[in-house]
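Presented below is the structure to which this report refers.
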Amino acid sequence: MSQGPLLDTNSPLNGDQAQRLNDVLGGMDRDQMTWLSGYLAGLNASGGQLSAASPAGAPQTASALPEITVLYGSQTGNAEGVAEQARDRAKAQGFNVRLLDMADATKKDLKDPTNLVVVVSTQGEGDPPDTAIGFYELINGRKAPKLDGHRFAVLGLGDSSYDQFCQMGKEFDARLAELGAERINDRIDCDVDYEEPAETWIDSVLARYAELSGATTAAADQSSSAASAGESQWSKKNPFYAEILDTVVLNDDGSSKETRHIELSLEDSGLVYEPGDALGVVPQNDPAYVDELLEKLRISHDTELDTGSKVRDALLAEFEVTTLTRPFLEKWAELSDNAELRRILSDEAREEFKAWVYGRHIIDVIEQFPVDNLDAATFTQALRKLPPRLYSIASSYNAEPDEVHLTVGVVRYEAHGRARNGVTTGYLSDHVEPGDKIPIYVDRNKNFKLPHDNNTPIIMVGPGTGVAPFRAFMQERDDAGAEGDNWLFFGDQHFHTDFLYQAEWLNWREKGLLTRLDVAFSRDQAEKVYVQDRMREKGAELYAWLERGAHFYVCGDGERMAADVHQALLDIAREHGGLDEDAAAQYIRDLQQSKRYQRDVY
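Residue numbers for the sequence shown follow UniProt numbering, so the first one is 1 and each next one is one higher.
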C-alpha cells in the first residue's frame, strides 16, 4: 500500500471531515486512487449529489456507463501496453473495465453481449501474436460464436515496412462484424510511432461508448498521471543518455559477419530491467546518406521547416529516410505522377512489389522516379518518424548492476549498385565509440520471461544474435543459484569465427549450470546444418524435457528460422509423442497458450 496524499490546512473541509478523509486516503493504493479521482469528477459533473437509491460508495456515473472488456493480443508487449492505457482511462472516466488477454479468452467470454475494445498487433507477415493464435482460430472456425448484440472497436499495431501492415487488426475488425457485432468506431492502423494516434483513438472509443449509454463520463485527464505513477521517467519520447563503456567485435578474423558486444552504463538513471526485456536505441541517420539525399532532391541543408528545425537536422534525427514503406511509395506515386510506380503498387503486382522493394531505399526511389521542384516540407510530410530500434538485452541486471549489454549484428550489404548500412547498427558501429552517450530506454517484454520457478528446466534456441537474451537468462540463473536444467541450441556460420560468447557457454557448462549445449555451424561442412536439424537429432530427449515441464524459447530471425524451428517442434511432437498432425498442432498451441513456448523474433 502507498501513502496517499494528505489534505493541507487550506482545505475547505472542517477538522473532522479532513481527518476522516486523510484516514481513507492514507491507506489507498494507485488503482484505488485512480478510481476515486474518476468517481469524484463524475460526481461533480452530476451536480455533487449521491442518489438515495445508490449503494454507499457507488459512483452515480458508473452505474449508467456500460461495462467494457479490453481484449488484447500482444507479441512484444506494445499492444498490451495500449490495452492497459485504455483500461486506466476507462476506469478514470467511471467505466467498469475488464482487461482480457486473448491467450485467456474463450467462447464463454463472448456468451453475453459485450462492449469490446480490441487491441491487436501483427506478427511478421500477417500472423497473429503467438498467444492469440487460439482465439484467432476460434473466431475464424466453425465454432465461432454469434455476436449479435455485441459492440466493438479495433486498433491494430504494425509496421508499414511489411506488406501485410496491421493485417490482424483488419481481420479482427472484419470478422467481428461478420459474426454480427456492431462496429461503434472506425478501426485505426498504427505504425511504429503509435502512441499519439492510439491515445486519440482510446478517447474517441470511450466517448462513443458513453454516448451510446446516454451517460456522462468523468474527466479524462485524471488517468494519465495516475497510470504513470511509479513508472520510469525514461521512455521513447524522453530517453536516457547512456555512456558507452565498451564495444567489442565478437567474430574472429576471417568471418563474413561483424557482431558487436556493446556495454552501456545505467548509473544514476534509475533504470532496471529483467531478462527478456529489450533496449530501445534512438539512432541518428548516416550524415553522408542524408547529404546525398538532399543533393538528389536539390534541397538546401539550411532550409527551415515549419517546426523551426533545419531540414538536414530533421532528416538526421527525426525522420525515417531509408526504409521503404507502402504509404511513402503511394505518396511518391502521387507526387511523381509516374505510371510505372503506380503499376508496381497495384494489387495485381503484389508479388512483384515485394521483389522490387527488397534491397531498395528511399534514395533509390527518388533517383528512379524524380520529382522536380520538390520543397522540403512536402518531402518530410511523406516520411514517417524515425523509430527507435529494439535489441534483446544480453545481460542480467542482478549480475551486472547499473549496466546493460547488447549483441548487435552490424548490417552491411550492397544492393542495386549502392553500399547499404543498417540505420542503428551503422550508428552504433561507425558513429559512436566508448565515452560517447547514446539515447536509450527499456522496453518491457512480458511475453519473453524466465519461469517463476527456478527449478523449471528451459530449452533455448538462439542462432546468431538471437543468443543475446539467453546470455541474460544464464547470468540471471547463475546469480540466483537456480537449479533448473538449461539447454542451449546455438548456430552460426563457422565454429572458429562465429561462436558468440563461446568462453562463457563453455564455462557455464563446466560448472554444471548449462546442462546441454548443441551447436550447428552451417558452413563447416558440405551440407548445411541448422539449429532445427540439431533439434530433430535430439528429438526424443527434447520431447522428454517438454513432458517434464520445460519452457521452450526461440529468439532470432522471424522470417525463416523461427518458422523452421516451429516445424521441427511439430515434427518432434508427432514422432516422439505419438501424436497425429492435429494433436501435435494442439500440443504446440497449448505450450504457446500457457506461455511455455515463447518467441522473441524479428
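All C-beta atoms in this analysis are idealised placements derived from N, C-alpha and C, irrespective of residue type, glycine included.
Note that this is a predicted model, so its numbers are computed, not measured.
I'd like to confirm the pairing. Which residues does DSSP put opposite Cys190 in its beta bridges?
DSSP output for Cys190 lists Leu157 as bridge partner(s).
Among Met168, Ser522, Met474 and Lys146, which has the Cα closest to the Cα of Val118?
Out of Met168, Ser522, Met474 and Lys146, Met168 has the C-alpha closest to the C-alpha of Val118.
Please classify Leu7: does DSSP put it in a helix, a strand, or coil?
The pLDDT assigned to Leu7 is 48, lower than 50, so where the model puts this residue is not dependable, and the model offers no usable value.
Ignore the nearest five residues each way along the sequence and tell me which others in Asp518's own chain have a CB closer than 7 angstroms to its CB.
Around Asp518: Phe489, Arg534 and Lys538.
Exposed or buried, what is Arg495 when buried is set at 16 or more other beta-carbons lying within 10 Å of its beta-carbon?
A small fix is needed here, since residue 495 is Phe in this sequence, not Arg. Exposed is the call here.
Going by DSSP, name the residue or residues bridged to residue 615.
Because the chain spans 1 through 602 in this model, residue 615 falls outside it and cannot be assessed.
Verify the contact flag: Leu428, CB atom, against every heavy atom of the ligand COA, threshold strictly below 7 angstroms.
The ligand COA is not part of this structure, which contains no ligands at all.
Going straight from the alpha carbon of Ala376 to that of Ser346, what length do you get?
Those two C-alpha atoms are separated by around 28 angstroms.
Should Pro434 be labelled buried (16 or more other beta-carbon atoms within 10 Å of its own) or exposed?
Its Cβ having fewer than 16 others within 10 Å, Pro434 is exposed.
How far does the beta strand (DSSP E) with Ser392 in it reach, from first residue to last?
It spans Arg389 to Ser392 - the beta strand (DSSP E) in which Ser392 sits, taken as one unbroken run.
So what does Thr69 bridge to, in DSSP terms?
Per DSSP, Arg98 and Leu116.
Inspect the CB distances between the stretch 273-288 and the stretch 297-304 and report whether three or more fall short of 8 angstroms.
No, the stretch 273-288 does not touch the stretch 297-304.
Count the other CB atoms within 10 Å of the CB of Gly491; is the residue buried (16 or more) or exposed (fewer)?
Looking at its Cβ environment, which holds 16 or more other Cβ atoms inside 10 Å, Gly491 is buried.
Rounded to whole angstroms, what is the Cα-Cα separation between Ala355 and Glu258?
Approximately 26 angstroms, taken between the alpha carbons.
So Arg471 and Glu504 are supposed to be a Cβ contact under 8 angstroms. How far apart are they, rounded?
Confirmed, about 7 angstroms.
Are there 16 or more other CB atoms within 10 angstroms of the CB of Ala226, so buried, or fewer, so exposed?
Model confidence at Ala226 stands at a pLDDT of 37, short of 50, so the residue's coordinates are unreliable; what they give is reported in the following sentence. Buried, by the Cβ-count rule.
Compute the distance between the beta-carbons of Thr69 and Leu100, then report whether it is under 8 angstroms.
Cβ atoms of Thr69 and Leu100: closer than 8 angstroms.
Reducing DSSP to helix, strand and coil, say where Ala415 ends up.
In the structure shown, Ala415 sits in a strand (DSSP, three-state: E or B).
Look up Tyr597 in the DSSP assignment and say whether it is helix, strand or coil.
Strand.
So Arg384 and Ser160 are in contact, right, with Cβ under 8 angstroms, and what is the actual spacing, rounded?
Indeed they touch by this definition, with Cβ atoms about 7 angstroms apart.
If you compare alpha carbons, which of Lys143, Asp189, Phe135 and Glu137 is closest to Gly156?
The candidate whose alpha carbon is nearest that of Gly156 is Asp189.
Tyr72 and Ala90 look like a contact to me (Cβ under 8 angstroms); what is the Cβ gap, rounded to whole Å?
Wrong, their Cβ atoms sit about 13 angstroms apart, outside the cutoff.
For Leu341 and Glu334, what's the separation of their Cα atoms in angstroms?
The alpha-carbon atoms of Leu341 and Glu334 are separated by roughly 9 angstroms.
Can you list, in chain order, the residues of its chain whose CB lies under 7 angstroms from that of Phe172, leaving out five sequence neighbours each side?
Within the same chain, Phe172 has close Cβ partners Val118, Val120 and Val154.
Relative to the alpha-carbon of Leu514, which residue among Arg418, Leu506 and Glu559 has its alpha-carbon at the smallest distance?
Considering only alpha carbons, the answer is Leu506.
So is Leu147 buried or exposed if we call it buried at 16+ other beta carbons inside 10 Å?
Label assigned to Leu147: buried.
Give the straight-line distance between the Cα atoms of Glu403 and Phe240, rounded to the nearest whole angstrom.
About 13 angstroms.
Kindly indicate which three-state DSSP category Thr259 falls into: helix, strand or coil?
The answer is strand: DSSP assigns Thr259 an E or B state.
Can you tell me where the alpha helix (DSSP H) with Ile139 in it begins and where it stops?
Ile133 to Asn140 is the extent of the alpha helix (DSSP H) around Ile139.
Does the separation of the CB atoms of Gly484 and Cys555 fall below 8 angstroms?
No. Outside cutoff.
Compute the Euclidean distance between the alpha carbons of Arg326 and Ile362, then round it to the nearest angstrom.
For Arg326 and Ile362, the distance between alpha carbons rounds to 11 angstroms.
DSSP three-state call for Val423: helix, strand or coil?
Of the three classes helix, strand and coil, the one that applies to Val423 here is helix, per DSSP.
So which of Arg599, Gly577 and Asp582 has the shortest CA-CA distance to His566?
Of the candidates Arg599, Gly577 and Asp582, the one whose C-alpha sits nearest the C-alpha of His566 is Arg599.
Going by C-alpha to C-alpha distance, which of Ser395, Leu250, Leu206 and Glu348 sits closest to Val272?
Nearest C-alpha to Val272: Ser395.
Relative to the C-alpha of Glu195, which residue among Asn185, Leu250 and Ala86 is closest?
Minimum Cα distance to Glu195 is reached at Ala86.
Kindly indicate which residue of Phe473, Ser74 and Lys111 has the alpha-carbon position closest to the one of Thr456.
Selected option, being the one with the closest Cα: Phe473.
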